[in-house]
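Everything on this sheet refers to the single structure shown next.
Protein chains: 2
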Amino acid sequence: QIADAVEATLTDGPLKGRHVIVTSGPTHEPIDPVRYIANRSSGAQGSAIAEALVRLGARVTFVTGPASVPPPAGVELRLVETATQMKDVVEAALPADAAIFAAAVADWRVEGASNAKIKKTATGDVPTLALTENPDILATVSQRAEGRPKLVIGFAAETNDVVENATAKRARKGCDWIVANDVSPETGIMGGTENAVTLIDADGAEVWPRASKSEVAKRLAERIAEALGPA
Amino acid sequence: QIADAVEATLTDGPLKGRHVIVTSGPTHEPIDPVRYIANRSSGAQGSAIAEALVRLGARVTFVTGPASVPPPAGVELRLVETATQMKDVVEAALPADAAIFAAAVADWRVEGASNAKIKKTATGDVPTLALTENPDILATVSQRAEGRPKLVIGFAAETNDVVENATAKRARKGCDWIVANDVSPETGIMGGTENAVTLIDADGAEVWPRASKSEVAKRLAERIAEALGPA
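In order, the protein sequence lines correspond to chains D and C. 2 is the number of the first residue of the first sequence in our numbering; add one for each residue after it. 2 is the number of the first residue of the second sequence in our numbering; add one for each residue after it.
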């Protein structure tokens, strides 16, 4: 892998001179010192995308939550835990030519997370978790008045009505592309080695054949290189 | 590690002929298909205990949630995700001479977990998670009228008043021993390689020196062998 990274650094790829931010993995939102809310995300697709971009010569800032797959070699690694931290680190990494938000960011965090472990009570009272909305990193970066990356790509993990939900998400967030996939348990995609995505852009939806996550990443990286053109 | 396991199987250790159940790791309680509530538990202490018991000749049923350290060689491995699954698997593994509940089981699960991904709404309405109490595996096994293991050991991960809280827990659950530790972030124990535990039994509290998790496991396994006596 180190040899690959060295090779990539030496490669005069089509993304030479480009800076790309990739987010990946889940975020963990604390409930108390021992509990948290998490998303099911191995980080495999995000890691594969970052690796494919490095191979095409890009400088990649890789902002990742606690993923279960290792980060690729050759990136500038930024480890975060919560959505708020991820937003801060992404904004600090700007400017960038492209930003790819592949992380499964928690939509909500727990309001007033406890500094002490929440205990079960003798009366059997059960706590209620009041949630509050996390910053929307994709929308924030997509809608920047200044310093917006030329190409902003979001991901949509859906369990139903994939194209409809993802198309609406693209319009709502103001990003350029949405990479949508069906994460229903029966697809085996979540945590698996393959992915079946639909690319949504201003022209509509393009269904890609099911392939390994690294194949999907390679195709997406090539599309990004095409869209950005020569540096 | 395989050689270790073979060695252990050949060893006529003091726990030869004994069956011990060890639970380990966190549980994951689903919120919807992509989100869950988890505990911070690497499973390192539970794995080390199972390994130490195998080395002393015990037959170990190792019931583990999604841990970040690999299970030890030489155990009968049972993989689970939720507290409810863990309880079912533990009960199915009985009878046992001893049961060690080192897992960080979620106290609560989400009532009516959603089968579809919960979406953010345009109005910014935020969902509230209603929790319901999980089965108490330690109390259930400790208080069995028939088929209770001779030695039932619980763990208490505390962030304050460790001995007081753990002593009360021992009485409330009806177990024989509590292995208590301080999981405050400043101790570095959670996710780390060392542990500093206090063993609570009918006679009081015994503070063990801070040591590697495998040293703590070895000492605990030897104590268990002493308590059970020859098979």
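Where is the CB? At the ideal position from N, CA and C, for every residue including glycine. Predicted model only: the values in this text are computed from it and were never measured.
{"Check": "Residue 28 of chain D, buried or exposed, once every other Cβ within 10 Å from all chains shown has been counted against 16", "Outcome": "buried"}
{"Check": "Chain C contact for residue 132 of chain D (CB, 8 Å cutoff)", "Outcome": "yes"}
{"Check": "Residue 135 of chain C burial status per 10 Å Cβ neighbour count (16 or more: buried)", "Outcome": "buried"}
{"Check": "Counted within 10 angstroms of its Cβ, other Cβ atoms place residue 204 of chain D as buried (16 or more) or exposed", "Outcome": "exposed"}
{"Check": "Best match in D/173, D/186, D/107 and D/88 for proximity to residue 202 of chain D [C-alpha to C-alpha]", "Outcome": "D/173"}
{"Check": "Selected residue, minimal CA-CA separation from residue 91 of chain D, among D/197, D/171, D/225 and D/21", "Outcome": "D/21"}
{"Check": "Residue 161 of chain C burial status per 10 Å Cβ neighbour count (16 or more: buried)", "Outcome": "exposed"}
{"Check": "For residue 213 of chain D and residue 57 of chain D, the rounded distance between their alpha carbons", "Outcome": "18 Å"}
{"Check": "Residue span of the beta strand (DSSP E) that contains residue 36 of chain D, given as start and end", "Outcome": "36-40"}
{"Check": "Contact list for residue 121 of chain D against chain C, beta-carbon separation under 8 Å", "Outcome": "108 and 134"}
{"Check": "Option in C/207, C/36, C/144 and C/186 with minimal Cα separation from residue 118 of chain D", "Outcome": "C/186"}
{"Check": "Validate contact between the segment 146-155 of chain D and the segment 108-115 of chain D using beta carbons, cut 8 Å, 3 pairs", "Outcome": "no"}
{"Check": "8 Å Cβ cutoff met for residue 127 of chain C and residue 178 of chain D", "Outcome": "no"}
{"Check": "Sequence-distant residues of the same chain with beta carbon closer than 7 Å to residue 95 of chain D, five excluded per side", "Outcome": "148"}
{"Check": "Cβ of residue 129 of chain C within 8 Å of any chain D Cβ", "Outcome": "yes"}
{"Check": "CB contact check: residue 61 of chain D to chain C, cutoff 8 Å", "Outcome": "no"}
{"Check": "Same chain only: Cβ atoms within 6 Å of residue 60 of chain D, ignoring 5 sequence neighbours per side", "Outcome": "20"}
{"Check": "Residues that DSSP places opposite residue 27 of chain C in a beta bridge", "Outcome": "C/105"}
{"Check": "CB contact below 8 Å: residue 158 of chain C versus chain D", "Outcome": "yes"}
{"Check": "Residue 181 of chain C in three-state terms, based on DSSP", "Outcome": "strand"}
{"Check": "Chain D within 8 Å of residue 118 of chain C, Cβ atoms only", "Outcome": "yes"}
{"Check": "Secondary structure, alpha helix (DSSP H): runs of 4+ residues fully inside the segment 139-182 of chain D", "Outcome": "163-174"}
{"Check": "Partner residues on chain C for residue 81 of chain D, Cβ-Cβ distance less than 8 Å", "Outcome": "Those within 8 Å of residue 81 of chain D in chain C number zero; the least Cβ separation is about 16 Å."}
{"Check": "Interface residues of chain C facing residue 185 of chain D [CB-CB closer than 8 Å]", "Outcome": "34"}
{"Check": "Proximal residues, the segment 87-101 of chain D versus chain C, C-beta separation under 7 Å", "Outcome": "none"}
{"Check": "Residue 48 of chain D in three-state terms, based on DSSP", "Outcome": "helix"}
{"Check": "Proximity of residue 24 of chain C and residue 103 of chain C at Cβ, strictly below 8 Å", "Outcome": "yes"}
{"Check": "Reference residue 171 of chain C; option with closest CA among C/184, C/198, C/192 and C/140", "Outcome": "C/140"}
{"Check": "From D/198, D/32, D/138 and D/232, residue whose alpha carbon lies closest to that of residue 105 of chain D", "Outcome": "D/138"}
{"Check": "Nearest-angstrom Cα separation, counted from residue 33 of chain D out to residue 42 of chain D", "Outcome": "21 Å"}
{"Check": "For residue 144 of chain D and residue 83 of chain D, the rounded distance between their alpha carbons", "Outcome": "22 Å"}
{"Check": "Beta bridge counterpart(s) of residue 1 of chain C as assigned by DSSP", "Outcome": "In the structure as shown, chain C starts at 2 and stops at 232, and residue 1 of chain C therefore has no counterpart that could be examined."}
{"Check": "Residues that residue 105 of chain C contacts on chain D, provided the C-beta gap is smaller than 8 Å", "Outcome": "35"}
{"Check": "Burial state of residue 199 of chain C, where buried means 16 or more other Cβ atoms lie within 10 Å", "Outcome": "buried"}
{"Check": "Within-8 Å CB hit, residue 167 of chain D to chain C", "Outcome": "no"}
{"Check": "Partners in chain C for residue 182 of chain D, counting only beta-carbon separations shorter than 8 Å", "Outcome": "Those do not exist, as residue 182 of chain D stays about 11 Å from chain C at its closest Cβ, beyond 8 Å."}
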